[in-house]
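To start, the structure itself, in structure tokens.
Protein chains: 4
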Amino acid sequence: MGAAHARTLATSVPGAEVVRVFDMDTERAKQVAHGVGAEAADSAEALVADVDAFVVASPDFTHADLAVAGIEAGKHVLCEKPLAVTADDARRVVDAEAAAGRRFVQVGFNRRFDPGFVDLKAAITDGSLGDVRLLHGIHRNASNSTSTDDATLVTGSMIHELDTFRWLLDGEIVAIRVESPVVDGFRDPQVATLWTDGGQMATAEVFVNAAYGYDVRVEVVGTGGSASLEPRHPVLRRVSGQGGSAIGSDFVEHFADSYRIELAAWADASLRGEVVGASAWDGYVANVVAAAGVDALRSGQKRDVVVPERPSLYA
Amino acid sequence: MGAAHARTLATSVPGAEVVRVFDMDTERAKQVAHGVGAEAADSAEALVADVDAFVVASPDFTHADLAVAGIEAGKHVLCEKPLAVTADDARRVVDAEAAAGRRFVQVGFNRRFDPGFVDLKAAITDGSLGDVRLLHGIHRNASNSTSTDDATLVTGSMIHELDTFRWLLDGEIVAIRVESPVVDGFRDPQVATLWTDGGQMATAEVFVNAAYGYDVRVEVVGTGGSASLEPRHPVLRRVSGQGGSAIGSDFVEHFADSYRIELAAWADASLRGEVVGASAWDGYVANVVAAAGVDALRSGQKRDVVVPERPSLYA
Amino acid sequence: MGAAHARTLATSVPGAEVVRVFDMDTERAKQVAHGVGAEAADSAEALVADVDAFVVASPDFTHADLAVAGIEAGKHVLCEKPLAVTADDARRVVDAEAAAGRRFVQVGFNRRFDPGFVDLKAAITDGSLGDVRLLHGIHRNASNSTSTDDATLVTGSMIHELDTFRWLLDGEIVAIRVESPVVDGFRDPQVATLWTDGGQMATAEVFVNAAYGYDVRVEVVGTGGSASLEPRHPVLRRVSGQGGSAIGSDFVEHFADSYRIELAAWADASLRGEVVGASAWDGYVANVVAAAGVDALRSGQKRDVVVPERPSLYA
Amino acid sequence: MGAAHARTLATSVPGAEVVRVFDMDTERAKQVAHGVGAEAADSAEALVADVDAFVVASPDFTHADLAVAGIEAGKHVLCEKPLAVTADDARRVVDAEAAAGRRFVQVGFNRRFDPGFVDLKAAITDGSLGDVRLLHGIHRNASNSTSTDDATLVTGSMIHELDTFRWLLDGEIVAIRVESPVVDGFRDPQVATLWTDGGQMATAEVFVNAAYGYDVRVEVVGTGGSASLEPRHPVLRRVSGQGGSAIGSDFVEHFADSYRIELAAWADASLRGEVVGASAWDGYVANVVAAAGVDALRSGQKRDVVVPERPSLYA
């Protein structure tokens with residue numbers, strides 16, 4: 002992801018210049034840096050010192066510290082989701098911004114920049130769906146590349162739906178349940194049921210071993226109609242008694258537009274000293290909901306989500 | 002529904018002749034009878050006596066008694082769903098068949114005869130989806146024409162999904178939860194979560210005030226792939242910046258093929274002294290699951306479904 | 002086709018009873034007759050004498066004589082397309098009806114009864130497409146089962162588009178050109194360009210070795226919009242990086258609804274002494290246009306179509 | 002188009018800096034220049050002198066002269082289609098490159114960079130369609146913004162299909178016919194029939210007053226299958242008895258991806274001293290075919306296309 006972001010910044014985001022790359026694997030850092038005309042940094046600290054703004058795409062457990070380092074250095078940060086591994090860790094980022102009295106961090110919930118998702122939100126806000134009552138989300142990967150345990154399906158994958166639903170509805174998730182047809186071993190797929198403070202419900206399926214490909218869909222159901230995001234490859238092949246389209250397996254490719262637009266929006270906003278997209282607060286809340294989701298998965302119970310009061314910095 | 006079935010029998014099912022029509026509303030009975038070249042019967046009892054086989058499409062609370070009357074008279078019966086209002090009532094039909102030592106009753110779960118649903122089942126049984134893990138059902142009506150209280154969404158509408166899921170998976174539903182974003186008043190839409198004895202989960206949305214039209218979809222998700230039933234009108238119109246297809250609001254029209262095929266299969270099987278499609282047992286089990294669903298809706302709890310042992314007559 | 006029609010009449014068209022079956026192959030006739038509870042007739046003449054109405058699904062060169070025999074015997078006839086092999090032969094049928102002073106013959110242009118085509122016509126007649134300017138037709142078979150020479154693509158396959166376009170537009174084809182990318186040998190696919198008396202143009206592709214399946218599509222383009230008939234199987238399978246639907250290869254299965262509705266409409270109209278659907282005149286005109294099409298194919302030139310004045314019997 | 006390209010270069014193409022903008026309308030030039038951090042040039046000649054490479058998006062009649070000016074100055078040029086108004090004019094560009102002994106000009110046939118078109122070409126080159134026999138193109142605009150006479154539908158709009166077909170098939174168009182249902186006045190829509198040196202045929206509809214929106218589709222038909230490019234908006238709305246997607250009316254928005262990728266590829270290749278995409282030769286040949294198309298439209302006759310020998314510079 003880091004290499005992909007570096008390439009996108011270097012090749013598709015004017016105004017951005019990639020000057021430093023850091024990776025614990027020094028050779029890897031040099032290789033990526035070379036490919037984008039940058040230099041490898043000796044340490045994350047050195048990188049933070051040498052740049053105007055930076056992207057965090059390192060292992061999840063390092064996100065919060067690096068975001069805080071950016072805030073303390075007064076540098077704009079685009080931090081890949083999740084903002085932290087735990088809600089407490091994410092809260093440290095929010096607190097650091099509060100202490101700085103200013104926002105620096107954008108969390109990489111890229112769907113907020115995806116043209117399809119933007120249009121889906123427009124279908125809600127233009128009123129043609131009436132009052133929204135239900136959301137249904139599907140999130141499937143061809144194979145599990147990243148989830149080491151089944152709680153990671155919530156904190157690493159479903160966290161996209163958690164943020165997407167909050168953003169689509171302009172609301173908060175107040176309760177969550179996560180269940181699975183598999184009762185022993187690695188629980189996959191998982192089905193979440195969610196409730197919002199706007200009186201809506203939502204379902205979200207996450208399945209990281211769906212075999213056939215990468216597939217993300219959302220349907221919004223209102224009293225006036227329904228809108229579905231159903232990405233489809235524009236080329237239809239009819240061969241051997243089947244008519245159909247390719248389904249890719251690579252989420253970076255699937256969401257390439259959104260990453261490019263996200264990075265450009267981040268670079269542009271950073272130059273103006275602003276933050277767009279998901280804030281540290283949004284990242285923190287997603288972690289709070291995900292933590293309740295993991296608790297729900299482990300206990301088999303519905304869990305209320307207690308979201309603390311929103312600081313005025315994020316009003 | 003009764004008038005529609007009479008017309009279909011008269012105009013599209015060779016081998017079937019509609020000879021008697023009964024309705025509490027005598028004028029209505031005469032009118033329908035006249036339209037299909039039949040006579041109005043003086044009473045349901047008289048009708049049962051005068052025909053070789055009959056269709057029950059009267060109010061739900063009369064279904065079980067009429068089915069039992071058919072069994073006792075040794076007449077084949079196609080009984081509209083639900084088989085009864087309560088599981089106990091439905092059990093009386095099963096017991097009557099057990100007492101007769103023979104099956105006479107087909108329950109009108111028409112989707113089992115719908116070409117699309119038949120193909121969806123084939124996608125499961127031909128193995129290309131691998132092991133099925135999840136089902137997702139959508140069942141929307143443009144406006145609520147029949148449900149007087151919100152429990153009826155379960156017993157009258159969702160009962161279709163309950164039977165469909167059992168039939169698709171060749172399995173039993175062992176637990177159910179039914180929830181709704183609406184907490185006071187008429188709970189619509191409702192979202193059910195279901196568990197099967199085959200280790201699968203399912204979600205089912207029922208929404209009887211969906212405004213935009215009648216919409217029934219099912220997705221089956223397995224370890225090897227997914228299959229969705231997504232009926233779409235074959236004519237695509239592109240007008241005024243929109244490209245789309247008509248969505249009807251009439252379920253009889255939507256499922257017209259299935260009703261015709263169902264009635265023909267019933268007439269054909271009846272002539273051979275056999276029963277096809279959903280049996281009285283299937284109707285009874287659907288009532289048992291629906292009753293658990295109503296209990297789940299009212300209590301807000303997950304309810305186990307206790308299905309009694311299947312009598313050998315239905316093996 | 003004859004066996005399929007006999008089965009459909011026997012199993013799906015109430016009011017119709019199949020009593021006689023004739024085929025030059027006596028064994029075949031007995032077999033089909035047995036399957037539908039009928040008797041094999043000794044000759045076509047005997048069959049005509051013994052029935053109230055009959056379907057002609059014999060080899061094309063016999064159609065006109067059998068239709069005339071029906072007219073002379075005062076029997077209703079559903080004659081499979083084409084009405085005749087040559088326009089002159091088809092004219093004999095028209096003249097026979099003129100002599101009888103009454104219409105008996107319906108030509109089996111089944112698409113006029115296909116629900117999708119009926120809706121496509123509605124999209125024209127309801128005015129939402131504005132003034133129609135263009136039609137585009139696609140007509141593909143998986144493999145060539147019937148065309149012995151390439152002129153047969155026009156007279157046997159494209160003749161469906163010729164009738165469909167006349168019917169959709171309520172107009173006449175006044176010129177035709179038929180060309181092919183293959184210049185030597187069997188010319189397939191073929192592309193026709195057509196002009197109507199309403200100032201419209203049309204293209205029609207016929208391809209009888211399209212390999213992948215049976216595929217019939219039509220797009221109507223007007224000043225106000227476009228409507229396409231694009232039949233699609235309602236079950237979408239997502240497997241192995243592909244999402245798609247089955248495409249059948251059997252036109253009888255593809256158009257099964259239309260055949261059933263056509264036969265029912267024919268039986269019903271025949272009982273009332275009426276003719277619905279495509280008349281002998283429509284069949285004759287299709288032959289006239291097809292003959293011009295064959296001439297166009299052979300000469301490589303655009304050919305005017307000279308349609309004689311419509312007799313008052315067909316006004 | 003020029004303003005859009007300037008914006009895309011400035012905001013989405015790293016490595017490119019927009020330094021000069023020229024327009025006959027000085028105020029317009031200043032405005033666009035200001036928006037991208039550039040200066041307005043005093044004349045086209047001054048602009049050519051001051052830049053490393055430039056984009057030509059001025060009126061069509063100026064294209065050839067500006068392209069030649071670029072070649073003579075040794076500057077890379079991205080020239081919007083068409084390369085020239087007449088084939089003779091386009092030939093001057095080819096001759097200038099021949100005289101320079103080097104290629105500098107890319108013609109803006111943007112579809113060659115559109116992801117959908119690239120995949121459509123892949124469906125041909127990967128062999129799954131067998132031998133290609135036919136192409137069908139649709140090219141519709143909501144309203145005619147640019148065509149002052151009906152020949153412009155060929156030289157300005159259909160020229161995209163002419164280049165697309167050559168590129169998809171890696172072949173040459175050897176004959177063309179262009180006809181229209183409208184015989185007097187402004188002939189729109191127009192239907193072209195094309196023949197290639199590879200023994201294929203193609204049809205192309207151009208309709209610049211299609212009212213409903215901008216719509217570009219291509220189907221490739223081979224002996225092994227068919228592939229269609231059918232762009233569809235990923236959000237499906239179901240409202241008021243209709244389920245459908247938005248169709249835009251703006252070709253710049255529709256093909257925004259292709260323009261961005263095209264400009265990036267051009268900037269990248271220019272830095273390396275190379276030319277990618279459609280060459281001046283491709284632009285010239287498109288003009289030659291279009292000229293034959295205009296002649297065909299005016300005469301109502303099929304016209305052979307005589308393409309001169311390809312200079313070795315374009316081998």
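Chains as they are written, first to last, in this note's numbering: chain A, 2 to 316; chain B, 2 to 316; chain C, 2 to 316; chain D, 2 to 316.
Quick reminder that beta carbons are idealized off the backbone N, C-alpha and C, glycines included.
A quick note: this is a predicted structure, and the numbers were derived from the prediction, not measured.
Taking the alpha-carbon positions, what's the residue i to residue j distance?
i, j, result
"Thr27/A", "Val240/C", "40 Å"
"Val209/C", "Gly138/C", "14 Å"
"Gln302/D", "Thr204/C", "17 Å"
"Leu230/D", "Asp216/B", "28 Å"
"Val192/C", "Arg273/B", "52 Å"
"Trp282/B", "Asp89/B", "12 Å"
"Cys80/D", "Ala58/D", "7 Å"
"Ser146/D", "Met159/D", "15 Å"
"Asn386/D", "Asp24/A", "Chain D is shown from 2 up to 316; residue 386/D falls before or after that span and cannot be answered."
"Gly200/B", "Pro190/A", "12 Å"
So what does DSSP say about residue i, is it helix, strand or coil?
i, result
"Ser146/C", "coil"
"Thr204/B", "strand"
"Gly199/C", "coil"
"Asp305/D", "strand"
"Gly378/D", "Look at the range of chain D in this structure, 2 to 316, and you will see that residue 378/D is not part of it."
"Leu314/B", "helix"
"Ala41/A", "strand"
"Phe108/D", "Note that residue 108/D is Val in the sequence shown, not Phe. Looking at Val108/D - three-state DSSP - the assignment turns out to be strand."
Using a Cβ-Cβ cutoff of less than 6 Å, which residues in the same chain neighbour residue i once the five nearest sequence positions on both sides are dropped?
i, result
"Ala293/C", "Ile177, Arg304 and Val306"
"Val33/D", "Ala4, Ala7 and Val22"
"Ala11/D", "Val19 and Val37"
Shorter than 8 Å from the beta carbon of residue i to some beta carbon of chain D?
i, result
"Ala257/B", "no"
"Arg239/B", "yes"
"Ile248/B", "yes"
For residue i, which residues in the same chain have their Cβ closer than 7 Å to its Cβ, ignoring the five residues on either side in sequence?
i, result
"Ala91/D", "Ala65, Leu84, Ala85, Gly284, Tyr285 and Asn288"
"Ser129/B", "Gly225 and Gly226"
"Val290/A", "Leu163, Ile174, Ile177 and Val306"
Taking only beta-carbon positions, decide if residue i is within less than 8 Å of chain C.
i, result
"Thr194/D", "yes"
"Tyr215/D", "no"
"Asp132/B", "no"
"Thr224/D", "yes"
"Leu135/D", "yes"
"Val175/B", "no"
Please report whether the beta-carbon of residue i lies at a distance below 8 Å from any beta-carbon of chain B.
i, result
"Lys227/A", "Residue 227/A is actually Ser in this sequence, not Lys. Cβ-Cβ to chain B under 8 Å: yes for Ser227/A."
"Gln201/A", "yes"
"Gly242/D", "yes"
"Val277/C", "no"
"Pro190/C", "no"
"Val86/C", "no"
State yes or no: is the beta carbon of residue i nearer than 8 Å to at least one beta carbon in chain A?
i, result
"Glu180/B", "yes"
"Glu206/B", "yes"
"Gly245/C", "yes"
"Thr147/B", "no"
For the stretch 8-22 of chain A, which residues have a CB atom closer than 9 Å to at least one CB atom of chain D, in sequence order?
-> Leu10, Ala11, Thr12, Ser13, Val14, Pro15, Gly16, Ala17 and Glu18
Chain B contacts made by the stretch 97-124 of chain C, where a contact means CB separation under 7 Å = Gly117, Asp120, Leu121 and Ala124
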